[in-house]
Amino acid sequence: MVHGRRSTLSRTDAPWYKGAEKMAKRKKKSAPTPSKKKKSNKTSKKALLAGLLQDHPSLEREEALEILNMGISFEEWHAKKEEEREARRIAKEKRMIAFICSQHKNISEEEATFIVKENITPEEFLERRAEEQRKARARARQQERQQKRHRGRKPPPRGGPRGGGPRGGGKKRSNRLSKEAERKAKLDRLVSRYPDLTRAVAGQLLRENISYEEFLKRRAQKKKKSLSTRTSEERDRAKELQEERMKLLAERLEQEAHLGSMGDEFLRNRSEEGNSVSVWRFHSPRFEGVITEIQPLMLIMKTEHQEALRLRKLGCVFVYVSSEADAILSQIHVNLDQMSLLQYPPREPSRRIELSDDLLKSGSSLSLVTHDGLLLKGKVGWSDRFQFLLELDEGGVVFVFKHSVAKASEGNEFLLESSTNLKAFLEKSPELPNNHPKELALEEILVPVQFDDYDVKDKRYEEISELFDAGKFQLHPIRIRREGEQYVLLDGYRRLTLAREKELPKIPVRVM
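Under my numbering, read the sequence shown as residues 117 to 628, first letter to last.
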């Protein structure tokens, strides 16, 4: 076996080793190296968001994200929001105060601040301020009169009697008592002589030393001159208000004219046929004649005594043909208790009874009670916005105004109440029970809008205010009317204003 010479090359220098090393490097480069993943804060942010929403259920998601992005706590974020909200509120109050001061020159900045904080309107504040000023003036006048009354008095001697007897110097007091008794006797004689004379007017007759007939003449002259006592500005302002109201009324009537077309057509047909009709009015005599003209608010009639009698629809209850009067009146009943209330329909349509479409369905049975106590029962012929036709059970047709209805229902519910026949009532005219109050609380009396144009605080008002404080003026009843469930003022606004200013709990009334 022949051995050759040993190679001097090392293993690493061998070609096979170098080839294997190259292959290993290639594999090493191609193999993916495990990269270290960076931890994301996404998971931690979700956890924080969920924790915030769980701890504070009132938070919205956007608000919670805002807290996390700002890197603050919920308490710090809430405090910051409260500061921003308070700053906006203060800025809004300042704007409102500046606006009120610019619109109302007679309101100071302090008063405007009070208006904003109390959340009231400037008009309500001005009314309160005027009322407080009136009360303050009344208190000041009362205190001044009391001081004058006590200023001239001398205290009784120490240990002396304080009574009104002769030992206490009561001669002046006894004279005063005798004069008062004499004056009271004269008042009683005047009141017994004139039954319609009140004690207040009788006292005025004694003070002025005039007769009752002369007093009536003076009062009639004052009524004629009442309009001329106003200033030109007051008359112009009242005229403008009246024209504005009439303009609004004309617009409303024009818009609602078609709603009462069926009723107007019914009355127009009766007038064209020449039928004489009877118009029943609230607590007033009925009129008989021919309707010559139909207006939105008026009926013009030709009667035996007048060529053109104007009747307000709001004062009418129902209309029927005069030839059917006997048959109709014998079927109508009267509730004396309701009639004795002297009730009228409310002025505001929203406060009147609302008759449903099902109740006024053509052919449906209906029974109703009017505000003046009349009870009717029959079947509905037709209806429109303001009136309907009622066919009575035993014959006869009645044209009824909706505003006259106080109660209504199906069947004969109201006819079961204590009542009497209308025909027998008209023949006998029984005396009605007196259900009228003699006095009412001031807040129960409603003052119509017409009195707003009347400046009651005149010279006469100051005179009677001083006489009332001195005990020399007695409030005689004011005239009111019952409309629905409310009492509405007709006359006596000056007396009512005086009672309000003196804070009287009640005032005497006379229901008309």
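Cβ atoms here follow ideal geometry from the backbone N, Cα and C, with glycine treated the same way. Owing to the predicted nature of the structure, the values given are computational and were not obtained by experimental measurement.
Asked: Rounded separation between residue 405 and residue 437 - CA only; Found: 10 Å
Asked: Given residue 636 as reference, the closest of 385, 574, 492 once Cα atoms are compared; Found: Limits of the chain in this structure are 117 at one end and 628 at the other, which puts residue 636 out of reach.
Asked: Nearest to residue 216 (by Cα), restricted to the options 195, 238, 616, 203; Found: 238
Asked: Span of the alpha helix (DSSP H), counted from its first residue to its last, around residue 184; Found: 177–186
Asked: DSSP-derived helix/strand/coil call for residue 237; Found: coil
Asked: Proximity below 7 Å, CB of residue 492 to CB of residue 448; Found: yes
Asked: Inter-stretch contact at 8 Å, needing at least 3 Cβ pairs: the segment 574–581 / the segment 620–627; Found: no
Asked: Residue 465 (DSSP reduced to helix, strand or coil); Found: helix
Asked: Continuous alpha helix (DSSP H) stretch holding residue 448: start and end; Found: Where residue 448 is concerned, there is no enclosing alpha helix (DSSP H), given that its DSSP letter is neither H nor E.
Asked: Reduced DSSP category for residue 307 - H, G, I as helix; E, B as strand; rest coil; Found: helix
Asked: Straight-line Cα distance separating residue 202 from residue 195; Found: 11 Å
Asked: Nearest-angstrom beta carbon gap, residue 506 and residue 516 [assumed within contact, 8 Å]; Found: 5 Å
Asked: N-terminal and C-terminal residue of the beta strand (DSSP E) that residue 218 is part of; Found: Note, residue 218: premise wrong, no beta strand (DSSP E); alpha helix (DSSP H) at 190–219.
Asked: Integer-rounded CB distance, given that residue 475 should sit under 8 Å from residue 443; Found: Residue 443 to residue 475, Cβ: 25 Å. No contact.
Asked: For residue 604, the residue or residues it bridges with in DSSP; Found: 562, 597
Asked: Rounded separation between residue 160 and residue 167 - CA only; Found: 10 Å
Asked: Where residue 519 falls, given that 16 or more other Cβ within 10 Å makes a residue buried; Found: buried
Asked: Sub-7 Å separation of residue 593 and residue 626 beta-carbons; Found: yes
Asked: Where residue 537 falls: helix, strand or coil (DSSP); Found: strand
Asked: At least 3 beta-carbon pairs within less than 8 Å: the segment 234–250 vs the segment 597–609; Found: no
Asked: 7 Å Cβ cutoff met for residue 415 and residue 427; Found: yes
Asked: Proximity test, residue 486 beta-carbon vs the ligand MN heavy atom, cut-off 6 Å; Found: In the structure on display, the ligand MN does not appear, and there are no ligands present to speak of.
Asked: For residue 408, three-class secondary structure by DSSP; Found: strand
Asked: Status (buried if at least 16 other CB within 10 Å, exposed otherwise) for residue 512; Found: buried
Asked: Whole-angstrom distance between residue 395 and residue 432, CA atom to CA atom; Found: 7 Å
Asked: Enclosing alpha helix (DSSP H) for residue 452 [first to last residue]; Found: 452–456
Asked: As assigned by DSSP and simplified to three states, the class of residue 254; Found: helix
Asked: Segment limits, beta strand (DSSP E) that includes residue 486; Found: 481–486
Asked: Status (buried if at least 16 other CB within 10 Å, exposed otherwise) for residue 630; Found: There is no way to answer for residue 630, as the model of the chain reaches only from 117 to 628.
Asked: Exposed unless 16 or more other CB atoms sit within 10 angstroms - verdict on residue 451; Found: buried
Asked: N-terminal and C-terminal residue of the beta strand (DSSP E) that residue 497 is part of; Found: 490–499
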